[in-house]
Amino acid sequence: MKKIFSAILASCLALTTFVGCSNSNDKFVVSTNAAFYPYEYIGEDNKVVGIDIDIAKAIAEEAGKELKVDDVEFEAALAAVSTGHADAALAGITVNDERKKTLDFSEPYATSIQYIIVKEDSDVKTIEDLAGFKIGVQNGTTSQTILDSESKEGVLKDTNTKVEPYKTSLLAAMDLKTDTVDAVVADSLLAENIVKENEGLKCLELVYADGSTTKEEYAVAVKKGDKETLELVNKVIKELKDSGKIDELLLKHLNGED
Ligand code: GLN
64 MKKIFSAILA
74 SCLALTTFVG
84 CSNSNDKFVV
94 STNAAFYPYE
104 YIGEDNKVVG
114 IDIDIAKAIA
124 EEAGKELKVD
134 DVEFEAALAA
144 VSTGHADAAL
154 AGITVNDERK
164 KTLDFSEPYA
174 TSIQYIIVKE
184 DSDVKTIEDL
194 AGFKIGVQNG
204 TTSQTILDSE
214 SKEGVLKDTN
224 TKVEPYKTSL
234 LAAMDLKTDT
244 VDAVVADSLL
254 AENIVKENEG
264 LKCLELVYAD
274 GSTTKEEYAV
284 AVKKGDKETL
294 ELVNKVIKEL
304 KDSGKIDELL
314 LKHLNGED
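Using the numbering used here, read the sequence shown as starting at 64 and increasing by one per residue.
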């Protein structure tokens, strides 16, 4: 009896040791930037939550691994994947040719457009109306790329428009409230949330005077050439899309349920 008991105890201990060890191989590491509601943000208990985090959980589960979320700055989240510090990055990342040079992308799982945030009494209607403005954008994002290129060689060329990079779009919006910048450009859902939470601001779709708009697609980024992770991610994305789960997650987070 005693022998059986110690044998059970020994195997329990072995199991505990096995489960408890934190070899990076039993973790699926996802890098993100938790300043992008509803995709990733800080929820109750100071935990990173959001649509992307729920998707990341499903990916880690499919991989049979425990999920580890690294919350870093947006550019660092992308870099973590190319340097092998993370298995994937989920941060509402827009797929574009520039990023495709250093990263591989899954099938897209969401679409977005750029929004302009201004003070409530502003009469800005188009991107051309931002001529001569100081515009806040989150560093390393497509909002920055679009504004940089429009002010250097596009519709805002030679208008003395300045693009100010910030750590987050929310910080840029705080500076808009105090007139340190004249407008902020950010992805639609985040812009709408910033306006909802901050009195005196409004937002509008970024349209050009000729009526054209921006359209972006979000996808999961993996290390270039990492076919195994990409296949796994695409399998999960397809399942979540086909079952309507991505739409459910969007509603869940927009309704304030972490
Ligand atoms: N979709 C934008 C981009 O990829 C912004 C993402 C973000 O701020 N997390 O650049």
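Positions of the beta carbon are idealized from the N, C-alpha and C atoms, including for glycine.
Item	Value
Mind reading off the beta-carbon distance from LEU269 to ILE190? Whole number of angstroms is fine, and I expect it under 8 Å.	6 Å
Quick one: give me the first and last residue of the alpha helix (DSSP H) that LEU130 is part of.	From DSSP, LEU130 is part of no alpha helix (DSSP H) but of the beta strand (DSSP E) over 129 to 134.
Can you tell me the Cα-Cα spacing of VAL296 and VAL283, whole angstroms?	8 Å
Nearest to GLU255 by alpha carbon, out of SER206, ILE179 and THR231?	ILE179
Which of the three DSSP states, helix, strand or coil, is assigned to THR204?	coil
Does the beta carbon of ASN256 fall short of 7 Å from some heavy atom of the ligand GLN?	no
Shortest alpha-carbon distance to LYS304 belongs to which of ALA272, GLU170 and SER214?	GLU170
Drop a sphere of 10 angstroms on the beta-carbon of ASP160, count the other beta-carbons inside from all chains shown, and report buried for 16 or more, exposed for fewer.	exposed
Considering only residues of the region 133 to 171, which uninterrupted alpha helix (DSSP H) runs meet the minimum length of 4 residues and lie entirely inside it, listed in chain order?	137 to 145 and 160 to 163
Can at least three beta-carbon pairs, one atom from the region 229 to 248 and one from the region 149 to 158, be found at a separation below 8 Å?	no
Distance, Cα to Cα, ASP326 vs TYR102?	With the chain covering only 64 through 321, there is no way to say anything about residue 326.
What does the Cβ neighbour count give for THR231, buried or exposed, with the cut at 16 atoms within 10 Å?	buried
Does the distance from the CB of ILE176 to the CB of LEU153 come in under 8 Å?	no
Buried or exposed for ALA272, please, with buried defined as at least 16 other CB atoms from any protein chain shown within 10 angstroms of its CB.	exposed
How should LYS286 be labelled, buried or exposed, when 16 other C-beta atoms within 10 angstroms of its C-beta is the threshold for buried?	buried
So is the beta-carbon of GLY195 under 7 Å away from any non-hydrogen atom of the ligand GLN?	no
Restricting to runs no shorter than 4 residues, where is the alpha helix (DSSP H) found entirely within the region 218 to 258?	232 to 240
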